Each structure stands twice: as structure tokens, then as C-alpha cells.
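Student:
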Amino acid sequence: KEQGLSRVLGWRPAVGLVLVPPEPVVRFGGSAQLNCSLACAGGTVQWKGLDTNVESITSFPTHSILHVSNATVATGGTKSCHGTCHGQRYQRTVNLKVYALPDALQLEATPRALEPGQPGSLRCSAGQVYPLPGLVLSWYRGDQALPEADFDATETEEELFNIVSTLPVAGEEVGEGVEFRYPLSTGPAVAVGSTVSLLGLIVTGAVSRRLWKRFRARYELP
């Protein structure tokens, strides 16, 4: 589609334009930089069609840098870079993806004082999640994956989502040392999770950040 549109508008295929990163992502409220370059002495490179509220440009003879700050859901989408070289025109687009995940998941038990042998339920909630399509969440009992969890989602004014998932726990599953895990992930490889251990009358929650460091290093996120 992009190549067909380029032909209609008189733009040549983007053989010479290089976009870095090729698959950009930015955390909600965060910042990112997209670099578009064209190896051509005397050429021009420029990003087009920007949201000046959160985006700005720094341009040089051979490359142009798109700065994104305080990203919102609306910040995501197609970004277009245009270049010229000795009378030839080039165009290339990239899709900027915005994601949001909480630093921690909230875990609650009902009743709050779970007793061995007595049934109850576990409620896990996560605030300000995006995007909802592609969201993956699961309950685990120890290392055993439980059936896929349903969740309720409520949209916020910022176009993010608050989600809640409830797991009924049978009486025979409530015992000393029994552990339940609830990982939540979205985007290419971002995940947060919580672990709840049922120790008689005590329910404790511990937060983990699986894959976050690897994701941050790969996409050079702050």
C-alpha cells in the first residue's frame, strides 16, 4: 500500500531512507526518539504531519530526529519521513506503538483471612493498562497454568484501561505453602506479575518484573 501511494504522489520507494528504530515503542507518559536519515550530500530529510503538542523535530543535512515527549495513546500511529536527493523524492513510514503497564498488581483475598480447607477467592487488579488487544494474563497454582482467566475492563479518561480478574479458590487448594502467580503482559515482551502465598491466615504479595530489563535494553527505553 505504501509503495502504491508513493507512486501516485510521485514519491520514489524509500530505498535510501533509514529509520531507527524500525519498530519504535514508547511507554505512556514517556519519551522516545526516531531517527530518519538519507545518505545524500545536498539532500534533505524531514518528518511530516506531527502533533506539535508532544512532538518536535531536530533536522540536519542528512538526518532528521523526531522527539516524542509525554506520550499519550493518541501519540501512537503512523509517522511519515520525507527525503529528497538530487531531484529525487523519497518517503517512508513507521508505526509508533504506545504501551502502558502498572509497576505493580494489586492482590486481594476474600475472606482476607484465608484458612486452610476453606474456600475463598483471589482478586487481582491492574490500573492504567494499554493496549487492551493482545493483553495476556494467566493464573498459576505453583507451576501449573490454570484455565485462561477472564477479566473486566473499564476505560479511563486517558484512554487507558483498569482491569480486574477474580479466581475462585476451592477449599482443598487453600493450604500452607500454596502459591498462586498472576503474570500480566502486553506489547512485544513486557510483563509484570504478582505472587500470592497462602500461609494459613496470612496473604502476602510480592511484585516481579519479568522480561522488563531485557525489553528496556532492546528498545533503549529509560
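Residue 1 is where the sequence shown starts when you use UniProt numbering, and the numbers rise one by one after that.
Even glycine gets a Cβ: it sits at the ideal position worked out from N, Cα and C.
On a predicted model such as this, the values are computed, not experimentally measured, just so you know.
Flag this pair as yes or no: are the beta carbons of Cys85 and Cys36 separated by less than 8 Å?
Tutor: One-based indexing of the sequence shown puts residue 85 at position 85. One-based indexing of the sequence shown puts residue 36 at position 36. For Cys85 and Cys36, no; Cβs fall outside 8 Å.
Student: Assess, as a yes-or-no matter, whether the stretch 23 to 32 is touched by the stretch 68 to 75 under the definition of 3 or more beta carbon pairs within less than 8 Å.
Tutor: At 8 Å Cβ cutoff, the stretches touch.
Student: Would Val94 and Pro22 be called neighbours here (beta carbons separated by less than 8 Å)?
Tutor: Residue mapping note: residue 94 aligns to position 94 of the sequence shown, counting from 1. Residue mapping note: residue 22 aligns to position 22 of the sequence shown, counting from 1. Closer than 8 Å, so yes.
Student: Let me know the secondary structure DSSP gives Leu19 once reduced to three states.
Tutor: Stepping through the sequence shown from its first residue, residue 19 is reached at position 19. Strand, per DSSP.
Student: Between Phe161 and the rest of its own chain, which residues show a CB-CB distance below 6 Å, the 5 nearest in sequence each way excluded?
Tutor: On the sequence shown, residue 161 is found 161 positions in, with the first residue counted as 1. Around Phe161: Val129, Leu132, Ala153 and Glu155.
Student: Given this structure, state the Cα-to-Cα distance separating Arg89 from Ser59, to the nearest angstrom.
Tutor: By one-based count along the sequence shown, residue 89 stands at place 89. By one-based count along the sequence shown, residue 59 stands at place 59. Going from the Cα of Arg89 to the Cα of Ser59 covers about 17 Å.
Student: Rounded to the nearest angstrom, what separates Glu55 and Thr75 at their Cα positions?
Tutor: Taking the sequence shown and counting its residues from 1, the one referred to as residue 55 is at position 55. Taking the sequence shown and counting its residues from 1, the one referred to as residue 75 is at position 75. Going by the C-alpha atoms only, they are around 8 Å apart.
Student: Per DSSP, which residues does Glu155 bridge with? Please list them.
Tutor: Along the sequence shown, one-based indexing puts residue 155 at 155. Looking at the DSSP assignment, Glu155 forms a beta bridge with Phe161.
Student: Out of Cys81, Leu146 and Gly42, point me to the one whose CA is closest to Ile57's CA.
Tutor: By one-based count along the sequence shown, residue 57 stands at place 57. When only C-alpha atoms are compared, the closest one is Cys81.
Student: Report back the beta-carbon spacing between Gly87 and Gly43 to the nearest angstrom; my notes put them in contact at under 8 Å.
Tutor: Numbered from its first residue, the sequence shown carries residue 87 at position 87. Numbered from its first residue, the sequence shown carries residue 43 at position 43. About 10 Å separates the two Cβ atoms, so there is no contact after all.
Student: Let me confirm a value: Arg123 is counted as buried when at least 16 other C-beta atoms fall within 10 Å, else exposed. Which label applies?
Tutor: By 1-based counting over the sequence shown, the position of residue 123 is 123. Under this definition Arg123 is an exposed residue.
Student: In chain order, what residues of the same chain have a beta carbon less than 6 Å from the beta carbon of Trp47, not counting five sequence neighbours either side?
Tutor: The residue you call residue 47 lines up with position 47 of the sequence shown. For Trp47, where only same-chain residues beyond five positions count, the Cβ hits under 6 Å are Ile57, Ser64, Leu66 and Cys81.
Student: Enumerated in chain order, which unbroken segments of the alpha helix (DSSP H) with a length of 4 residues or greater are wholly contained in the stretch 41 to 74?
Tutor: Those alpha helix (DSSP H) runs which fall completely within the stretch 41 to 74 and span 4+ residues do not exist here.
Student: Alpha carbon to alpha carbon, how far is Leu96 from residue 260? Give it in angstroms, no decimals.
Tutor: The structure shown has nothing for residue 260, since the chain only spans 1 to 222.
Student: Sorted by chain position, which residues of the same chain lie with C-beta nearer than 8 Å to Ser121's C-beta, five sequence neighbours on each side aside?
Tutor: Numbered from its first residue, the sequence shown carries residue 121 at position 121. Result list for Ser121: Ala109, Thr110, Thr166, Leu167, Pro168 and Val169, in chain order.
Student: Check this for me: beta carbons of Leu34 and Arg92, under 8 Å apart or not?
Tutor: Indexing the sequence shown from 1 puts residue 34 at position 34. Indexing the sequence shown from 1 puts residue 92 at position 92. Taking 8 Å as the Cβ cut-off, Leu34 and Arg92 do not qualify as a contacting pair.
Student: For the candidate residues Tyr99, Gln144, Glu172 and Asp51, whose alpha-carbon lies nearest to that of Pro116?
Tutor: Indexing the sequence shown from 1 puts residue 116 at position 116. Of Tyr99, Gln144, Glu172 and Asp51, the residue nearest in Cα terms is Glu172.
Student: Look up Gly83 in the DSSP assignment and give the residues it is bridged to.
Tutor: Taking the first residue of the sequence shown as position 1, residue 83 is located at position 83. Val45 and Tyr90.
Student: Between Val25 and Tyr140, how many whole angstroms is the CB-CB distance? I'm expecting something under 8 Å.
Tutor: Indexing the sequence shown from 1 puts residue 25 at position 25. Indexing the sequence shown from 1 puts residue 140 at position 140. In fact, because the Cβ distance is near 27 Å, the residues do not count as touching under 8 Å.
Student: In angstroms, rounded to a whole number, what distance separates the CA positions of Ser138 and Ala104?
Tutor: Within the sequence shown, numbered from 1, the residue matching residue 138 stands at position 138. Within the sequence shown, numbered from 1, the residue matching residue 104 stands at position 104. Cα-Cα distance, rounded: 15 Å.
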